[in-house]
Amino acid sequence: MSYYPDEIIEEVRLSNDLVEVVSEYIRLEKKGGGYFGLCPFHKEKTPSFHVEPVRQFYYCFGCNQGGNVFHFIMNIENVSFPDAVKMLADRAGIVLPEPDDKEEQQKIRLRKKILEANKAAARFYFSCLASEKGKKALKYLYDRGLSNRIIKRFGLGYAPDEWSILSDYLLKEGFDEYVIIQSGLAIKGRSGKLIDRFRGRVIFPIFDIRGNVVAFGGRVLDDSLPKYINSPETPCYSKGRELFGLHLAKKSSEKKLLIVEGYMDVISLHQAGIDFAVASLGTALTSMQGRLLKKYADEVILGYDSDNAGQKATERGIEVLNRIGCRVKVLQVPDGKDPDEFIRKNGPEKFKMLIDRAISLLEYKINVLKNTYPPDNEEGRLNFLNGVADLLTEVENFMEREIIIRKISGTYGISEDALHAEVDRRLKQKQRKEKTTEFYSARKELTGPAKTPQLHKNENIRVRYEKMLLALLSRENRLYHMAAERYPASDYSDGELREMAGILYEKLKNGEDFVLEQYISRLASEKASSLIHISETFCNFDEPEKALEDILEKLEILKLEEEKKDILMRLKNITNMEERKRLQEQLQAIIRKIANKW
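Just so you know, the UniProt record's numbering puts 249 at position 249 of the sequence shown, and the rest follows in order with no gaps.
See below:
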């Protein structure tokens, strides 16, 4: 649904080059007239994600996702169309007008009110920490080694151990009860009164990249459980989209980011002068968080704890960051300590030395292999060396590969030549497997006559040919008159396609151009992907006129077949002889038309 005027949406689209936008998320390589990369929407080893710079389309031949720059942002950032328009408008420096849609206006107002409530709550919690009520909480923070300066910088606070002290304050400040509940700051009790979510806890405000308070975390002052509670998902907050401390870390002069597990780790690191530390809100790093990290850093260092949960988080982080093309290193903290604990015991300088010695992604994977296959016997050594050979086939940098081969050769008593030969053998085997790629198999369908298309689930053949017709006309506007005369917009069986055909036909009738990449901005991702799939796969015809004739012939027959089926169904229930005779005559006429077309 469009909440902004069409001309504004088109201005935003034209101001955001698709190749540049996609390149901020994945690595693209120019091939011929287009760009290719690994699809961000499904796992693959061979690039089948295609960006067409002239028409500003993207399409994946592997998972069939496609669209324009709006669909790409909607899918990769998991946001709505209006939010995608806003993000791209911000990127291009375009000021958007107030949206026309009343429902969207209400959502915007609610988000604004929640942010205002969160800001008021953060100030309230901060004031409570400095008051008599917060004495114990302040001592806890001092005992953890935090200074007043760092407490203020992160806006730390205290939620008094009272049932509704914050809710009462916010209501008094004029905030609506509905807003307070929607913000996640309170819940409604059985009595109907508001109960504060955070009570008797140190409060950690969570800021988004723009510096808005979007949520809170709260920690108990003792060892009771749960140790931490956090804000729920709200219209302003999704834990998979935010990174604690990024609003400060993005200002660091370093070109890297260190990702750790907890609030206190981040705060201690910043106090120690390591101002590029952030934390994922939960141990598992998400793709959205990974893309944020990549946006603000050339290098990402994973500094999760060394326990089982931390190791799993590291492996997940490596997978996410590697897929989107980040340069990744892994921090190893001795004795299984977390960063906060290590700094308090050993000081910040020694921790900075650990950061400088962070190991590469390849070294980390080799260490994992060592732990999996201890090379203290022949079988373990062979499994380890085979694993290393597999890892080296993924290394594109020849110098890095050479360094590792030399190191492994000297340590494990295998000749460099033997290891080189085994890696080369596996590379050739891998290349042979990748020769027949998804892309090249799909390209075979790009020329020739119109083919009988494969159906999507719950899609009939007539709808499929209607999509083919619209995709072809959007490329070949000059064929409009022949199509409109034989298959007018009213003949389209699918409602959305009928609407699109109406717009297309009207534009072409008035002598205007119809641009598919502009029009699909109106469509949901699934529909846009389907149209681009048709356009990319079936409509690059050597002879568009012949293709159009073929499509129209098939559509006319399918339309007649449906009319025939409808009449046969109606005849079963008709008792009036006059009406029955009329329908039979119609049926005979349709059968003759079908026979003539065959």
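Glycine residues also receive a C-beta, built at the ideal position from the N, C-alpha and C atoms.
Residues that residue i bridges to, as DSSP identifies them
| i | result |
| --- | --- |
| Gly157 | Ile203 |
| Asp90 | None; Asp90 has no bridge partner. |
| Tyr237 | Thr234 |
| Ser360 | Lys329 |
| Lys256 | Glu299 |
| Glu52 | Phe57 |
| Leu166 | Partner(s): none; Leu166 has no beta bridge. |
| Phe244 | Ala279 |
| Gly66 | Tyr59 |
| Ile405 | Answer by DSSP bridge pairing: none, since Ile405 is not bridged. |
| Phe36 | Glu29, His50 |
Residue span of the alpha helix (DSSP H) that contains residue i, given as start and end
| i | result |
| --- | --- |
| Lys337 | Taken as a continuous stretch (DSSP letters only), Lys337 belongs to no alpha helix (DSSP H), as it is neither H nor E. |
| Ala130 | That residue, Ala130, is in no alpha helix (DSSP H); it is neither H nor E in DSSP. |
| Ser280 | From DSSP, Ser280 is part of no alpha helix (DSSP H) but of the beta strand (DSSP E) over 277-280. |
| Asp101 | First-last for Asp101: undefined, no H or E at that position. |
| Val21 | 18-23 |
| Leu146 | Counting along the chain, Leu146 falls outside any alpha helix (DSSP H), and DSSP gives it neither H nor E. |
| Asn322 | 308-323 |
| Pro544 | 544-571 |
| Lys45 | Where Lys45 is concerned, there is no enclosing alpha helix (DSSP H), given that its DSSP letter is neither H nor E. |
| Glu396 | Taken as a continuous stretch (DSSP letters only), Glu396 belongs to no alpha helix (DSSP H), as it is neither H nor E. |
| Lys509 | 495-509 |
Residue environment, residue i, which counts as buried when at least 16 other CB atoms sit within 10 Å
| i | result |
| --- | --- |
| residue 676 | Nothing in the structure corresponds to residue 676, since the chain is present only between 1 and 598. |
| Val260 | buried |
| Glu242 | buried |
| Asp6 | exposed |
| His50 | buried |
| Val12 | buried |
| Tyr412 | exposed |
| Ser224 | exposed |
| Pro449 | In this prediction, Pro449 scores a pLDDT of 40, lower than 50, which makes its location untrustworthy; no coordinate-derived value is stated. |
| Gln454 | No answer about Gln454 holds up, because its pLDDT of 47 lies below 50 and its placement is not dependable. |
| Ser415 | exposed |
| Asp305 | buried |
| Glu578 | exposed |
| Ala137 | buried |
| Gly536 | The question names Gly, but residue 536 in the sequence shown is Glu. The residue is buried, with at least 16 neighbouring Cβ atoms inside 10 Å. |
| Asn458 | At Asn458, the pLDDT of 46 sits below 50, so the modelled position is not reliable; the number obtained from the coordinates is stated separately. Exposed, because fewer than 16 other Cβ atoms sit within 10 Å of the Cβ of Asn458. |
| Asn576 | exposed |
| Gly184 | buried |
| Thr314 | buried |
| Arg464 | buried |
| Val333 | buried |
| residue 605 | The question about residue 605 has no answer here: the residues shown for the chain are numbered 1 through 598. |
| Tyr487 | buried |
| residue 599 | Since the first residue of the chain shown is 1 and the last is 598, residue 599 is not available in this structure. |
| Asn308 | exposed |
| Ala595 | exposed |
| Tyr58 | buried |
| Tyr519 | buried |
| Ile9 | buried |
| residue 614 | Past the edges of the chain, shown from 1 to 598, lies residue 614, and the structure says nothing about it. |
8 Å Cβ cutoff, residue i in contact with chain B
| i | result |
| --- | --- |
| Leu558 | In the structure shown, chain B cannot be found, because there is only a single protein chain. |
Residue i and residue j closer than 8 Å at C-beta
| i | j | result |
| --- | --- | --- |
| Tyr263 | Ala277 | no |
| Asn78 | Ser529 | no |
| Val423 | Thr393 | yes |
| Phe36 | Pro53 | no |
| Ile26 | Ile318 | no |
| Phe126 | Gly93 | no |
| Ile567 | Leu583 | yes |
| Leu521 | Asn68 | Going by the sequence as given, residue 521 is Ser instead of Leu. Yes. Within cutoff. |
| Asp338 | Asp265 | yes |
| Val220 | Arg201 | yes |
| Pro235 | Lys135 | no |
| Leu281 | Phe244 | yes |
First through last residue of the beta strand (DSSP E) which encompasses residue i
| i | result |
| --- | --- |
| Val213 | 213-220 |
| Ile301 | 299-302 |
| Ala186 | 186-188 |
| Leu28 | That residue, Leu28, is in no beta strand (DSSP E); it is neither H nor E in DSSP. |
| Asp196 | 194-196 |
query = Do three or more CB pairs link the segment 472-490 to the segment 499-518 at distances below 8 Å?
reply = yes
query = Does the segment 377-392 come close enough to the segment 349-357 that 3 or more CB-CB pairs lie under 8 Å?
reply = no
request  = Mind the definition here: the segment 290-298 touches the segment 248-256 only if three or more C-beta pairs lie below 8 Å; say whether that holds.
outcome  = yes
query = Does the segment 211-229 come within contact of the segment 112-123, defined as at least 3 CB pairs closer than 8 Å?
reply = yes
query = Are there three or more Cβ pairs, one per stretch, closer than 8 Å when the segment 156-175 is compared with the segment 190-197?
reply = yes
query = Quick check: the segment 265-272 against the segment 223-238, are there 3 or more CB pairs under 8 Å?
reply = no
ask   = Using 8 Å as the threshold, is the segment 584-591 in touch with the segment 545-564, meaning 3 or more CB pairs across them?
value = yes
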